[in-house]
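Engineer: With our numbering, letter number 205 in the sequence shown gets 205, and the count goes up by one each step, no holes. Here you go, one structure.
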Amino acid sequence: MKQQQQQFIEQGYIVLESGLNTSDMDLLEQSNTQLYGQAQALLENAAGQQYSLSDYYKGAPDELIVVPEIDNPTKVCRYEYLRASNQIIREQLVPKLQEYIKGLTGVDFVLFKDKCNAKNPGGGAFEPHQDVIAYDKFKPNYHITVAIFLDESTHENGCLHFAKNYRTDLAGQGVKSFTTPAGQLQVLPSDKGGSKNGNITEEICQQVNWQAILAKPGDIVIFDSYVPHFSNKNESKFPRRAMFFTFNAKADGDYYQAYYAMKHAEFDNPAFHIATPTAHSQTF
Ligand SMILES: O=C(O)CCC(=O)C(=O)O
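Here it is as structure tokens:
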């Protein structure tokens, strides 16, 4: 654990092979079958009956949030509000992840947001970004995300890439910096508005060494909200599903319901769709 703590503090991310066991993964598969079915049905209803998701969510504040891929209104890109929508995730998974984070940091964390990226064939490229800029409407300025891979993650199907040693490579290039439990961390220059809103600038991306994370089902990656990351399109014939549970320090307060109240009310707000392959990332 000491070595992992050190690596997490220095690098902003760690990879834990088989972080979840087979029975955890079986439960998660069950949960995901229910959630994905719900997500797909929701998109098909909206497309079939021709109503806008933005209008729908204003009147359905307790519903699973589903965002389609930019090129197809019935192709699921991501679904969110998982804890509120699934008992196993709420009662078994989230408490287990909280224990992991406490073991790593020594501090209590609470869930801030959660999502599953379906990354269906032909879709799902996420441009280089820092998650923290998508969360700036809320008080916490430091978050820890646990990514859980439901499928093998490969170069072909669009595995995640993290910026290794970016703090050294990009020292002094931030536009803003914050005091965090991992020291002073920088928000990097990013594009503003239009189709590239929130993407870390090309110039900065070129100075970074990207590490591809090849993962098996059950592997987990724990990363903070400053570490730059991206993933390419899924060029395979099968989905590459991954769930992401993002936490903030309990001492900063509990924002899960407030975050999703805002997201239901402002589904189209580009601030919620930074660097994602969805239509909402393109309007500003
Ligand atoms: O699922 C992926 O490949 C990328 C995830 C990501 O960067 C995000 O959702 O912000």
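Every residue gets a Cβ at the ideal spot worked out from N, C-alpha and C, and that includes glycine.
(1) So, with DSSP's three-state summary, where would you put residue 129?
(2) Using 8 Å as the threshold, is the region 252-263 in touch with the region 232-244, meaning 3 or more CB pairs across them?
(3) Do you know how far the Cα of residue 118 is from the Cα of residue 172?
(4) State the DSSP-derived secondary structure class of residue 77, mapped to helix, strand or coil.
(5) Do you know whose CA, among 200, 214, 265, 49, lies nearest residue 305's CA?
(6) Across which residues does DSSP place residue 112 in a beta bridge pair?
(7) By Cβ distance below 8 Å, which residues in the same chain neighbour residue 238 in space, the five residues on each side in sequence not counted?
(8) Can you give, in chain order, each stretch of the beta strand (DSSP E) that sits fully within the region 199-255 and has at least 3 residues?
(9) Can you tell me whether residue 184 is helix, strand or coil according to DSSP?
(10) Is the region 85-103 close to the region 182-199, with three or more CB pairs under 8 Å?
(11) By how many angstroms is the C-alpha of residue 219 removed from the C-alpha of residue 77?
(12) Since residue 185 and residue 226 are thought to touch, with beta carbons under 8 Å apart, how far apart are those beta carbons, to the nearest angstrom?
(13) Below 8 Å on the Cβ atoms is my contact criterion, and I expect residue 124 with residue 277 to pass it. Report the Cβ-Cβ distance as a whole number of Å.
(14) From 86, 111, 259, pick the residue whose C-alpha is nearest to that of residue 31; which is it?
(15) So, is residue 57 buried or exposed, given that buried needs 16 or more other C-beta atoms within 10 angstroms?
(16) Would you say the beta carbon of residue 160 comes nearer than 6 Å to a heavy atom of ligand 1?
(17) Assuming the contact rule is C-beta atoms closer than 8 Å, residue 222 and residue 79 should be a hit. Round their C-beta distance to whole Å, please.
(18) Residue 135 by DSSP, collapsed to three states: which one?
(19) If contacts are defined as beta-carbon pairs under 8 Å, then residue 148 and residue 27 qualify, I think. What distance do you get, rounded to the angstrom?
(20) For residue 15, name the three-state secondary structure that DSSP assigns.
(21) Is it buried or exposed, residue 11, if we count other Cβ atoms within 10 angstroms and call 16 or more buried?
(22) Rounded to whole angstroms, how far is the Cβ of residue 146 from the Cβ of residue 100, which I believe are closer than 8 Å?
Structural biologist: In short:
(1) In the structure shown, residue 129 sits in a strand (DSSP, three-state: E or B).
(2) With contact defined as three or more Cβ pairs closer than 8 Å, the region 252-263 and the region 232-244 are not in contact.
(3) Looking at the two C-alpha atoms, the distance is approximately 36 Å.
(4) Looking at residue 77 - three-state DSSP - the assignment turns out to be strand.
(5) Outside the displayed span of the chain (1 to 284) sits residue 305, for which this structure offers no information.
(6) In the DSSP output, where bridge partners are listed per residue, residue 112 has none listed.
(7) These residues qualify, in order along the chain: 121, 151, 157.
(8) If we require 3 residues or more, the beta strand (DSSP E) runs fully inside the region 199-255 come out as 209-213, 220-224, 229-231, 242-249.
(9) The answer is strand: DSSP assigns residue 184 an E or B state.
(10) Result no; under three Cβ-Cβ pairs closer than 8 Å.
(11) Those two C-alpha atoms are separated by around 21 Å.
(12) Rounded to the nearest angstrom, the Cβ distance from residue 185 to residue 226 is 4 Å, consistent with a contact under 8 Å.
(13) Taking C-beta atoms under 8 Å as the contact rule, residue 124 and residue 277 qualify, at a distance of about 6 Å.
(14) Taking only the C-alpha atoms, the option nearest residue 31 is 86.
(15) With 16 or more other Cβ atoms inside 10 Å of its own Cβ, residue 57 counts as buried.
(16) Checking every heavy atom of ligand 1 against the Cβ of residue 160, one is found closer than 6 Å.
(17) 22 Å between Cβ atoms; not a contact.
(18) In the three-state scheme derived from DSSP, where H, G and I count as helix and E and B as strand, residue 135 is classed as helix.
(19) Residue 148 to residue 27, Cβ: 12 Å. No contact.
(20) Three-state DSSP puts residue 15 in a strand.
(21) When all chains shown are included, residue 11 counts as buried.
(22) Yes, they are in contact, since the Cβ atoms of residue 146 and residue 100 sit about 7 Å apart, within 8 Å.
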